[in-house]
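Trainee: From first to last, the protein sequence lines stand for chains A and D.
All letters in the first sequence, in the order written, are residues 1 to 464 by the numbering used here.
All letters in the second sequence, in the order written, are residues 465 to 527 by the numbering used here.
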Amino acid sequence: MTAPHWLAAAEIAHAYAARTLSPVELLTALLARIESLDPTLHAFVRLDADAAMQAARVAESEIAAGRGRGPLHGIPVGVKDIIDVAGLPTTCHSRILLDNVAAADAAVIARLRQAGAIIIGKLSTHEFALGGPSFDLPFPPARNPWNPAHHPGGSSSGSGAGVCAGLFPLALGSDTGGSVRNPASACGIVGLKPTYGLVSRRGVFPLSYTLDHVGPLARTVAEAALLLDGIAGHDPADPGSTPAPARQFGRLLDRGVRGLRIGFIRHFHERDMPAHPEVAAALEDAARALQAEGAEIRTVTLPSLTEFAGINRVILCSEAWSIHAPWLRARPGDYGQLTRRRLLPGAFMTAGDYVGAQRRRTQVIAAVENCLRDVDVLLCASSMDPASRLDDAEETARTYSRQARTPFNVTGHPAVAMMAGLSRGGLPVSLQLAGRYHDDATVLRVAAAYERATAWHEKKPPIG
Amino acid sequence: MDAHVAALARAAGLDKALAEFPDDVEAAAAQALHNAHVIRIPTAPAAEPWPPMRPGVGLGDTL
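(1) Only counting runs of 4 or more residues, tell me where the alpha helix (DSSP H) segments fall wholly within the region 334 to 359 of chain A, in order along the chain.
(2) Between the Cα of Leu172(A) and the Cα atoms of Asp254(A), Glu395(A), Asp238(A) and Asp84(A), which residue gives the shortest distance?
(3) Helix, strand or coil for His126(A)? Go by DSSP, reduced to three states.
(4) For Glu307(A), decide whether its Cβ has a neighbour in chain D, counting only Cβ atoms nearer than 8 Å.
(5) Could you tell me the boundaries of the beta strand (DSSP E) in which Val416(A) lies?
(6) For Ala43(A), report the span of its alpha helix (DSSP H) as first-last.
(7) What is the residue span of the beta strand (DSSP E) that Ser430(A) lies within?
(8) Nearest chain A C-beta to Pro486(D) closer than 8 Å, yes or no?
(9) Taking Arg504(D) as the query, report the chain A residues whose CB atoms sit under 8 Å from its CB, ordered along the chain.
(10) Going by DSSP, what residue range makes up the beta strand (DSSP E) through Gly263(A)?
(11) Closest to Gly121(A) by CA distance: which of Thr40(A), Ser22(A), Arg436(A) and Leu170(A) is it?
(12) Kindly list, in the order they appear in chain D, the residues whose Cβ is closer than 9 Å to that of Thr210(A).
(13) Counting only C-beta atoms, is Gly310(A) closer than 8 Å to chain D at any point?
(14) Is the beta carbon of His371(A) sitting closer than 8 Å to the one on Leu302(A)?
(15) At 4 residues or longer, and completely inside the region 245 to 321 of chain A: list those alpha helix (DSSP H) runs for me, N to C.
(16) Is any beta-carbon of chain A found at less than 8 Å from that of Ala467(D)?
(17) From Pro148(A) to Leu47(A), what does the alpha carbon distance come to, in whole angstroms?
(18) Where does Ser383(A) land, buried or exposed, given buried means 16+ other C-beta within 10 angstroms?
(19) Exposed or buried, what is Asp254(A) when buried is set at 16 or more other beta-carbons lying within 10 Å of its beta-carbon?
(20) Give the secondary structure of Lys480(D) by DSSP, where H, G and I count as helix, E and B as strand, and everything else as coil.
(21) Quick check on the DSSP output: the beta strand (DSSP E) that includes Asp175(A) runs from which residue to which?
(22) Going by DSSP in three states, Asp525(D) sits in which element: helix, strand or coil?
Written out as C-alpha cells, the structure reads:
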C-alpha cells in the first residue's frame with residue numbers, strides 16, 4: 001500500500017471517497033513528515049499548520065456530509081512565498097519584505113480555497129524570485145531531496161523540494177525565466193509554465209510584468225493538469241489575463257502521441273549551449289521513446305538560445321528595475337548579493353534597450369509561431385546540467401544560466417519540464433515540451449505519453 | 465571604477481549602492497552592456513514591440 005505522503009491527488013480523492021483516508025489523517029501524516037525532513041530540506045519559510053488543520057477539518061466534514069467540492073477538495077498545496085495568502089507575510093525570501101503581511105488572498109489562492117484545497121504554508125524561493133541560492137538571506141535556501149548537498153533548482157525552490165520529498169502533493173510556483181521548470185528539472189518532478197495570461201498574477205509579487213507566469217508543480221502530469229484546472233481562468237483585475245478557454249486541461253492525457261508531429265530543437269543543447277553528455281543522451285532517448293509511441297520527430301530550428309536569453313534579461317532587468325529602484329537606492333544592503341547584482345543592471349539599461357528587446361521579441365515570437373504551424377509540439381532541453389552543489393557558488397553560477405526555458409517566457413507559449421532520467425551521480429535530468437498558445441492540454445498530452453512510456457515519475461528520492 | 469559608470473549610477477540615484485557595493489555596481493554596468501549587445505534589434509522601423517496594442521482591452525470599471 002502506498003504511504004500517504006506518496007499518494008497522487010487523484011488517489012487521495014478516491015481514498016477520501018472510500019473513507020479509507022481523511023483530510024485530517026493525511027495532513028497529520030504530512031506534518032509529521034515535514035517535521036522530520038524539513039530541518040534538512042528547508043522547503044518552508046513558514047508552515048501554517050494550525051490554519052491547514054482547520055481547513056482539513058472543514059474539508060473532512062464537508063466530504064462526510066456529501067458536499068464534495070471536486071478533485072482538489074482536501075488536497076494540501078504549498079505556496080511559493082511571493083504569492084499572497086491573507087494574514088501571512090509575503091516575504092519574497094527577503095529582508096526587504098519581512099513584515100509584509102498580505103491583506104487578501106492572491107487570485108490563485110482564492111480559487112484554490114473555493115475548490116476546497118488546503119493551503120499548508122509558504123515556501124522558499126530565490127529572493128524576489130530572482131537571486132539564486134544564497135546564504136545571506138533571512139531564511140536558508142531549500143535543498144534537493146535527491147541529495148541535500150545540491151541545489152533543488154529555483155526560483156520556486158521550496159515548491160520543487162517539497163513536492164519531490166512528499167511534504168505535500170502539489171505546489172504553486174512562478175516562472176519568469178524558468179522558475180517553475182527549473183526546480184521541476186532539478187528535483188525530477190513535473191512543472192508547467194502555462195500559456196501567458198491563462199493564470200492570474202493578481203496578488204503575486206511581480207518580477208517582470210510581461211514575462212511573469214504562475215504555474216503548478218506536481219509529481220505527475222495528471223496532477224499538474226488538475227492543479228492548473230484549479231487556478232486557471234480569466235481575471236479582469238490582471239492586465240495580462242486573457243479570456244480562458246475550457247478547463248479540464250487533462251482531458252487529452254490518455255490519447256497518446258500517435259500522429260502528432262514533434263519538433264526537436266536540437267541546436268539548443270548541441271550548438272547554442274552544449275549540454276552535459278548525460279542530458280544530451282536523455283534527450284535523444286526521449287525522442288526515441290516518443291517516436292516509438294507513434295509520434296513523428298522532426299528536427300527544427302529557432303533563433304539561438306543566446307538571443308532568447310538576452311531578450312529575457314533586458315526585459316526582466318528593465319521591468320524589475322522599475323519595481324525595485326526605490327529599495328535599491330535606499331536599502332541596497334538589505335538585498336542578498338546575488339539579487340542585488342541581478343537587479344542593478346536595470347539601472348544601466350536605456351529605454352532604447354528595452355524597446356529594442358521588445359521589438360526583437362515580436363520577431364522571435366513569430367519564428368516560434370511559424371515553427372508551430374509545421375509541428376504540434378516542441379521538444380528540447382530544460383537544464384543543460386544536473387543540479388550543482390549548493391556550496392559551490394562558482395559551479396552554480398556557471399550552470400544556472402545554462403538552460404532552455406527562457407524562450408517560452410519570451411514568447412508566452414506553454415511549456416512543461418519533467419524528469420527524463422537519472423545521472424550517474426544520482427540526480428535527475430530533464431526534458432522540456434512546449435506547444436501552441438492555449439494548447440496547454442496537448443503539451444500535457446505528450447508529457448503524459450512520455451511519462452507512461454518511461455515511468456521516471458515512479459523513481460523516488462532516497463529519503464524514505 | 466570607470467567615471468562614466470559612476471556618473472550613470474549617481475544619475476540613477478544609486479549613491480548608497482555606489483559607496484557600499486562598488487563592485488556590484490560595476491558588475492551590473494558590465495552585465496547591462498553585454499545583454500544589450502546580444503540582441504539583434506530590428507532595423508526595419510515598422511517592426512513594433514511586444515505586446516501589440518489592442519483596442520477595447522482595459523481594466524474598465526475594475527480600477
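No residue lacks a Cβ here, since even glycine has one placed at the ideal position from N, Cα and C.
If you're wondering where the values come from, they're calculated on a predicted model, not measured in any experiment.
Mentor: So, from the data block:
(1) Complete alpha helix (DSSP H) runs here, min 4: 337 to 343.
(2) Ranked by Cα distance from Leu172(A), the first of Asp254(A), Glu395(A), Asp238(A) and Asp84(A) is Asp84(A).
(3) In this structure, His126(A) counts as coil in the three-state DSSP scheme.
(4) Contacts with chain D at 8 Å (Cβ-Cβ) include Glu307(A).
(5) Unbroken beta strand (DSSP E) run through Val416(A): Ala415 to Leu422.
(6) First-last for Ala43(A): undefined, no H or E at that position.
(7) Residues Pro428 to Gly435.
(8) It does not; no Cβ of chain A falls within 8 Å.
(9) Near Arg504(D) (Cβ distances below 8 Å), the residues of chain A are Glu307 and Arg360.
(10) For Gly263(A), the uninterrupted beta strand (DSSP E) run begins and ends at Arg261 to Phe264, by DSSP.
(11) Its Cα nearest to that of Gly121(A), the residue Leu170(A) stands out among Thr40(A), Ser22(A), Arg436(A) and Leu170(A).
(12) Residues of chain D whose Cβ lies closer than 9 Å to the Cβ of Thr210(A) are, in chain order, Trp514 and Pro515.
(13) So yes, Gly310(A) belongs to the interface.
(14) Note on identity: in this sequence residue 371(A) is Cys, with His being the wrong assignment. Closer than 8 Å, so yes.
(15) Restricting attention to alpha helix (DSSP H) runs no shorter than 4 residues, the region 245 to 321 of chain A encloses them at 277 to 292, ordered along the chain.
(16) Interface with chain A (8 Å Cβ-Cβ cutoff): Ala467(D) is excluded.
(17) Computed Cα separation, rounded: 20 Å.
(18) Flag for Ser383(A) reads buried.
(19) When all chains shown are included, Asp254(A) counts as exposed.
(20) In this structure, Lys480(D) counts as helix in the three-state DSSP scheme.
(21) Annotation: the continuous beta strand (DSSP E) that includes Asp175(A) extends over Leu170 to Asp175.
(22) Since pLDDT at Asp525(D) reaches only 42, below the 50 mark, its modelled position is unreliable, and the value read off the structure follows with that caveat. It is helical.
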